[in-house]
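Engineer: For reference, the structure I am asking about is given below.
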Amino acid sequence: MIAQRLIHASPNGDRWSLARDPDTVHGTVHILHEPAPASGGRPERIGLASFLAGNPDAPERRALVDLVGTLVEAAPVTGAAPEAGAAAAEPSPGEEAV
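In UniProt numbering, the protein residues as written are 1 to 98.
Shown next as structure tokens:
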């Protein structure tokens, strides 16, 4: 069963949802565009790269970017020590290991 989350509904009835198909190898994520019933169009799956490469001012694209932004807002940065067993960062080329 495909899981969906509505990201934008336009005034004319078009709907865009973030969707994930768990039956695929890695749970393929895509955008599902459902056109307004009056338009007679068919639902369309759009790959994330194609969707994000579209018009940066489109409200449905802005809604997806805003949703992704909430993922980093919800994860506060703390000075807490790393989990036990976590790997240390490798020095960049030219830097000395500490």
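Where a beta carbon is used, it is the ideal one built from N, C-alpha and C, also for glycine.
1. Buried or exposed: Arg42, going by 16 or more other Cβ atoms within 10 Å of its Cβ?
2. Extract the residue ranges of the beta strand (DSSP E) inside the region 34–90, only unbroken runs of 3 or more that lie entirely within it.
3. Assign Asp23 to one of three DSSP states: helix, strand, or coil.
4. Between which residues of its own chain and Gly13 is the CB-CB distance below 7 angstroms, once the five residues before and five after are set aside?
5. Thinking C-alpha only, which one of Glu90, Arg62, Pro91, Ala3 is nearest Thr28?
6. Using the C-alpha atoms, what's the distance from His30 back to Asp23?
7. Kindly give me the distance between the Cβ atoms of Glu60 and His8, rounded to whole angstroms, as I take these residues to be in contact under 8 angstroms.
Structural biologist: In short:
1. For this step, residue 42 is matched to residue 42 along the sequence shown. Exposed, by the Cβ-count rule.
2. For the region 34–90, whole beta strand (DSSP E) runs of length 3 or above, ordered along the chain, are 44–47.
3. Counting from 1 along the sequence shown, the entry for residue 23 is found at position 23. Coil at Asp23, not helix or strand.
4. Translated into the one-based positions of the sequence shown, residue 13 becomes position 13. Excluding sequence neighbours, Gly13 sits near Ala36, Pro37, Ala38.
5. The count along the sequence shown starts at 1 and reaches residue 28 at position 28. Closest in C-alpha terms to Thr28, from the list Glu90, Arg62, Pro91, Ala3, comes Ala3.
6. By 1-based counting over the sequence shown, the position of residue 23 is 23. By 1-based counting over the sequence shown, the position of residue 30 is 30. Straight-line Cα distance between these residues: approximately 13 angstroms.
7. Here residue 60 corresponds to residue number 60 of the sequence shown, with the count starting at 1. Here residue 8 corresponds to residue number 8 of the sequence shown, with the count starting at 1. Contact between Glu60 and His8 holds, since their C-beta atoms are separated by about 4 angstroms, short of 8 angstroms.
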